[in-house]
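Below is one structure, written out as C-alpha cells; comments come after it.
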Amino acid sequence: MKKILSSLVIIIFAGVVTCGFLVWQRYEANPEQIVPYPYFYNFSSQPIKPEAPILIIGDRMGDYFSKFSVNLAETISVNLAKPIKIQSIARKGQGLHRTLHELKSLTQWPQILIYQGGSEEFIENKFHFSEMTKIKSNFQLYRDDRIETLLILYPWLSRFIYEPVNRVSISETPIFDEYSETNYLKRLDTELLLFEQQLVEMVNLSKDRNSLIILTTTPINLDEPPRKVCDFTSTSEVEIEINELREMLKANNPKEAYKRSGELLQKFTGNADLLYIHGQISKRLGLLDEAVDTLLNATAFDCKPWRTSHVQNSIIRKVARNHQVILFDYARMVENDFLTGTTYFDEIHPQNLYYEKAMEQLGLVIKGVLKL
420 MKKILSSLVI
430 IIFAGVVTCG
440 FLVWQRYEAN
450 PEQIVPYPYF
460 YNFSSQPIKP
470 EAPILIIGDR
480 MGDYFSKFSV
490 NLAETISVNL
500 AKPIKIQSIA
510 RKGQGLHRTL
520 HELKSLTQWP
530 QILIYQGGSE
540 EFIENKFHFS
550 EMTKIKSNFQ
560 LYRDDRIETL
570 LILYPWLSRF
580 IYEPVNRVSI
590 SETPIFDEYS
600 ETNYLKRLDT
610 ELLLFEQQLV
620 EMVNLSKDRN
630 SLIILTTTPI
640 NLDEPPRKVC
650 DFTSTSEVEI
660 EINELREMLK
670 ANNPKEAYKR
680 SGELLQKFTG
690 NADLLYIHGQ
700 ISKRLGLLDE
710 AVDTLLNATA
720 FDCKPWRTSH
730 VQNSIIRKVA
740 RNHQVILFDY
750 ARMVENDFLT
760 GTTYFDEIHP
770 QNLYYEKAME
780 QLGLVIKGVL
790 KL
C-alpha cells in the first residue's frame with residue numbers, strides 16, 4: 420500500500436512539476452503585449468515634438484499629399500488672424516506599423532491627425548509564414564471583448580493567453596522584399612488582418628490622446644493595368660479571349676466586346692486582366708459605375724502588390740464607420756471624374772488639381788469640426 424501511495428505521490432509531483440515547467444516556458448516565450456503583433460522593433464524611435472496642431476501621417480502617398488498642405492492651411496485659416504500650421508511625418512517606405520511606432524514617440528499629440536497611406540504595406544516582411552495559423556488564433560482571442568478587457572487590466576496575462584510566436588525583428592531601416600506570387604497569396608489574409616488592426620489601434624490611440632483623427636482613402640489609377648495575373652485564375656483559353664477583346668476595341672467594336680467580356684467574367688472569376696479589360700470596355704461605353712467597380716476589383720486581384728488596392732480602401736472605410744471617426748473619401752472623389760479625362764499624371768498620383776480640390780474640401784470639413 421505504501422509503495423502504491425508513494426508511486427501516486429511521485430506521479431502527481433512529476434505532473435505538477437511538468438505543468439509548472441510548461442507554464443513557465445510559455446511565460447518566458449511570450450512578451451507582454453495587449454495586441455498580439457508577430458513582430459517587434461529592435462530600435463527606439465526618437466522623441467518627436469509636434470510643431471503644429473495638424474499632423475499628416477502615412478507613407479509615400481501621405482508624403483505627396485503633404486506637399487499641398489499650404490492649400491489646406493489657407494482654407495482653414497480664412498477667418499483666423501494667423502495661418503494655421505500643418506506638419507508632416509509621412510514618408511516613403513513608412514508602412515502603417517512604422518507610423519504607429521513613430522506616433523508612440525510623440526511627446527504630445529497634435530489636435531488633428533490626417534492619415535493618407537496604405538500603398539506600401541507589403542514591401543516589408545512583418546511575420547513568418549510558418550506562424551500564420553498561430554497569429555490568426557491569437558487575434559481571434561484578442562477580438563473577444565472579455566479577453567481584451569482582461570488584458571487591458573492585466574497585460575501580464577498575455578504571456579499565458581497567447582500562443583508563443585516566433586516574431587520578426589523590425590530594423591530602423593526598412594528592408595524591402597520582393598515576393599513571389601505564391602508567397603503573396605499565402606501572406607495576403609494575414610497582412611490585411613494586421614493592417615486593419617493597426618488602423619484600429621491608431622484610432623484608439625488618437626481617442627485616448629484627445630486627438631481628432633481623419634482617415635482618408637487613397638486614390639487608385641484605374642487606367643493602370645494589373646502587374647500580375649494570379650496563375651490560378653489564368654488559362655490559355657482566357658488569354659486568347661482577352662487578346663480577342665483587345666482586337667475588338669482596336670476595331671472600335673466596344674458593344675460586342677462588352678457582351679463577350681461580360682460572359683467571360685461569369686466563366687473566369689478573379690482574372691485581373693479580364694476584369695481590367697471589361698472595365699476599360701465599360702468606360703468606353705460611358706458606363707461609369709460598372710467601369711469603376713470592375714477596375715477596382717481588378718486591383719484587388721492583382722497578384723503584385725505595388726500600390727493601394729480596393730481592399731485596403733474598403734478596410735479604411737470599415738474602420739472609420741465602425742469606430743465613428745471622420746472619413747475623407749479621397750479615392751471616391753477622384754473616381755467620380757473617371758470619365759472626364761486624364762485624372763492621373765503618373766502611375767499612382769492624381770493630377771495636382773485633385774490634391775488642391777481635396778485640400779479645399781478637407782479644409783471645410785476641419786473648419787466645421789473646429790467651428791472656425
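Residue numbers (my numbering): 420 to 791. Ideal Cβ positions, reconstructed from N, Cα and C, are used throughout, including at glycine. All values derive from a computational prediction rather than experimental measurement.
**OP:** Return helix, strand or coil for residue 512, following the three-state DSSP convention.
**Re:** coil
Subject >> Proximal residues to residue 748 (C-beta, below 8 angstroms), its chain only, five neighbours per side dropped >> reply: 635, 636 and 736
Original post:
Which class does residue 648 belong to by DSSP, given the choice of helix, strand or coil?
Top reply: Strand at residue 648.
**OP:** Look up residue 627 in the DSSP assignment and say whether it is helix, strand or coil.
**Re:** In the structure shown, residue 627 sits in a helix (DSSP, three-state: H, G or I).
Original post:
Exposed or buried, residue 489, counting other C-beta atoms within 10 Å across all chains shown (16 or more means buried)?
Top reply: exposed
Original post:
Can you tell which of 533, 780 and 668 has its C-alpha closest to the C-alpha of residue 633?
Top reply: Of 533, 780 and 668, the smallest CA-CA separation from residue 633 is found for 533.
Subject >> Option in 663, 638 and 616 with minimal Cα separation from residue 766 >> reply: 638
**OP:** Taking only the alpha-carbon atoms, compute the straight-line gap between residue 654 and residue 610 and give it to the nearest angstrom.
**Re:** One C-alpha to the other measures close to 28 angstroms.
**OP:** Write down the C-beta distance between residue 606 and residue 538 rounded to the nearest angstrom, noting that I regard them as a contact closer than 8 angstroms.
**Re:** Not confirmed; about 17 angstroms, so no contact.
Subject >> Buried or exposed by the 16-neighbour rule on C-beta atoms within 10 Å, applied to residue 517 >> reply: buried
Original post:
With 16 as the cutoff for other CB atoms within 10 Å, does residue 486 come out buried or exposed?
Top reply: exposed
Original post:
Hey, residue 543 and residue 595 are a contact pair by Cβ (cut 8 angstroms); roughly how many whole angstroms apart?
Top reply: 7 angstroms
Original post:
For residue 469, which residues from the same chain have a beta carbon less than 7 angstroms from its beta carbon, with the 5 sequence-adjacent residues on both sides left out?
Top reply: 506, 525, 527 and 529
Original post:
For residue 482, which three-state DSSP category applies?
Top reply: helix
Original post:
Would residue 545 be called buried (16 or more neighbouring beta carbons within 10 Å of its own) or exposed?
Top reply: buried
Original post:
Would you report the Cα separation of residue 498 and residue 790, rounded to the nearest angstrom?
Top reply: Near 11 angstroms, if we compare the C-alpha coordinates of residue 790 and residue 498.
Subject >> Alpha-carbon spacing of residue 664 relative to residue 685, whole angstroms >> reply: A straight line joining the alpha-carbon of residue 664 with that of residue 685 spans about 15 angstroms.
Subject >> Residues near residue 753 in its chain [Cβ-Cβ closer than 7 angstroms; skip 5 each side] >> reply: 638, 762, 769 and 773
Original post:
Between which two residues does the beta strand (DSSP E) carrying residue 532 extend?
Top reply: 531–535 is the span of the beta strand (DSSP E), which, as asked, contains residue 532.
Original post:
Taking C-beta to C-beta, are residue 615 and residue 503 nearer than 7 angstroms?
Top reply: no
Original post:
Expressed to the nearest angstrom, what Euclidean distance is found between the alpha-carbon atoms of residue 621 and residue 515?
Top reply: So the two alpha carbons sit approximately 9 angstroms from each other.
Original post:
Under the rule that 16 or more other beta-carbon atoms within 10 Å means buried, what is residue 688, buried or exposed?
Top reply: Exposed: under 16 other Cβ atoms inside 10 Å.
**OP:** Spatial neighbours of residue 561 within its chain, please: CB distance less than 7 angstroms, with the 5 preceding and 5 following residues excluded, ordered by chain position.
**Re:** Here residue 561 has 454, 455 and 567 as same chain residues with Cβ atoms under 7 angstroms from its own Cβ, once five neighbours each way along the sequence are excluded.
Original post:
Roughly how many angstroms separate the alpha carbons of residue 435 and residue 569, rounded to a whole number?
Top reply: Residue placement at residue 435 cannot be trusted, given a pLDDT of 49 that sits under 50; the coordinates are not used to answer.
Original post:
So residue 506 is in the beta strand (DSSP E); what residue range does that whole segment cover?
Top reply: 505–507
Original post:
Which word fits residue 726, buried or exposed, when buried means at least 16 other C-beta atoms lie within 10 angstroms of its C-beta?
Top reply: buried
**OP:** Kindly identify the DSSP beta-bridge partner or partners of residue 769.
**Re:** 763
Original post:
Taking DSSP as the reference, what is the three-state secondary structure of residue 463?
Top reply: coil
Original post:
Should residue 660 be labelled buried (16 or more other beta-carbon atoms within 10 Å of its own) or exposed?
Top reply: buried
Subject >> residue 500 burial status per 10 Å Cβ neighbour count (16 or more: buried) >> reply: exposed
Subject >> Boundaries (first-last residue) of the alpha helix (DSSP H) holding residue 705 >> reply: No alpha helix (DSSP H) holds residue 705; DSSP gives it neither H nor E.
**OP:** State the DSSP-derived secondary structure class of residue 747, mapped to helix, strand or coil.
**Re:** strand
**OP:** Would you list the residues sitting across from residue 635 in a DSSP beta bridge?
**Re:** 747
**OP:** Give the DSSP-derived three-state secondary structure of residue 677 in the structure shown.
**Re:** helix
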